[in-house]
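To convert a position in the sequence shown, counted from 1, into this note's numbering, add 4.
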Amino acid sequence: MHCLSRWGGLIVLLGSLFMGLAEARAQVELPAITPARFSGDQKEFRLPAKVDNLVVAGGGRYLILQLKKIRHLIVFDTAKADIASYLPMPSSDCFFAAGAHNLIILS
């Protein structure tokens with residue numbers, strides 16, 4: 005059971021609180037991570053603005069990059085060594101968090 009509530013501009017997600025932590029962890033299946041293949045020792049990406057914040061998602065498979073200047077989040081897939089998605093943010097003052105399968109944006 006998951007419940008999403010809003011109080012004073014903050015969103016609170018309840019769900020795993022009702023289950024034991026060990027039980028909740030046992031039910032999570034993480035995305036597969038395989039080493040990325042590319043030519044050379046490294047791969048460079050030019051981003052449209054500087055990265056202001058970063059969180060790890062999907063058990064390490066994804067990096068969520070916040071670019072406040074252009075009000076976007078970038079989802080970077082480490083298994084493919086490529087940008088998976090550009091997500092617009094409602095404002096540059098948003099907060100965000102990510103888990104195994106979910107991304108939550110608070111504005």
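Using N, Cα and C, we set each Cβ at its ideal position, and we do this for glycine too.
Specify, as a first and last residue, the run of the beta strand (DSSP E) that residue i falls within.
{"i": "isoleucine 78", "result": "76-81"}
{"i": "aspartate 86", "result": "86-92"}
{"i": "alanine 53", "result": "That residue, alanine 53, is in no beta strand (DSSP E); it is neither H nor E in DSSP."}
{"i": "alanine 36", "result": "No beta strand (DSSP E) holds alanine 36; DSSP gives it neither H nor E."}
{"i": "asparagine 57", "result": "57-61"}
{"i": "phenylalanine 99", "result": "99-102"}
{"i": "isoleucine 70", "result": "Residue identity check: residue 70 is glutamine in the sequence provided, not isoleucine. Glutamine 70 -> beta strand (DSSP E) spans 66-71."}
Excluding the five sequence neighbours on either side, which residues of its own chain have a C-beta within less than 7 Å of the C-beta of residue i, listed in chain order?
{"i": "lysine 47", "result": "Ala85"}
{"i": "serine 95", "result": "Arg75 and Ser111"}
Which word fits residue i, buried or exposed, when buried means at least 16 other C-beta atoms lie within 10 angstroms of its C-beta?
{"i": "alanine 40", "result": "exposed"}
{"i": "arginine 65", "result": "buried"}
{"i": "glycine 44", "result": "exposed"}
{"i": "leucine 67", "result": "buried"}
{"i": "isoleucine 108", "result": "exposed"}
{"i": "alanine 61", "result": "buried"}
{"i": "phenylalanine 42", "result": "exposed"}
{"i": "glycine 19", "result": "Here the model assigns glycine 19 a pLDDT of 47, short of 50, so the residue's position is not dependable and the matter cannot be decided."}
{"i": "leucine 77", "result": "buried"}
{"i": "phenylalanine 80", "result": "buried"}
{"i": "cysteine 7", "result": "Bear in mind that a pLDDT of 39 at cysteine 7, under 50, signals an unreliable position, so the number given afterwards is only what the model happens to contain. Answer is exposed; the Cβ neighbour count stays below 16."}
If you drop the 5 nearest sequence neighbours on each side, which residues of the same chain put their C-beta closer than 6 Å to that of residue i?
{"i": "threonine 38", "result": "Ala83"}
{"i": "valine 32", "result": "Ala104"}
{"i": "glutamine 70", "result": "Asp56, Asn57 and Leu77"}
So, under 8 Å CB-CB, residue i and residue j are touching, yes? Tell me the CB distance rounded to an integer number of Å.
{"i": "leucine 34", "j": "glycine 63", "result": "3 Å"}
{"i": "alanine 88", "j": "valine 59", "result": "The pair is not a contact, with the Cβ atoms about 15 Å apart (cut-off 8 Å)."}
Leaving out five residues before and five after residue i in sequence, what residues of the same chain have Cβ atoms less than 8 Å from its Cβ?
{"i": "lysine 3", "result": "It is not possible to answer for residue 3, since the shown part of the chain is limited to 5 through 111."}
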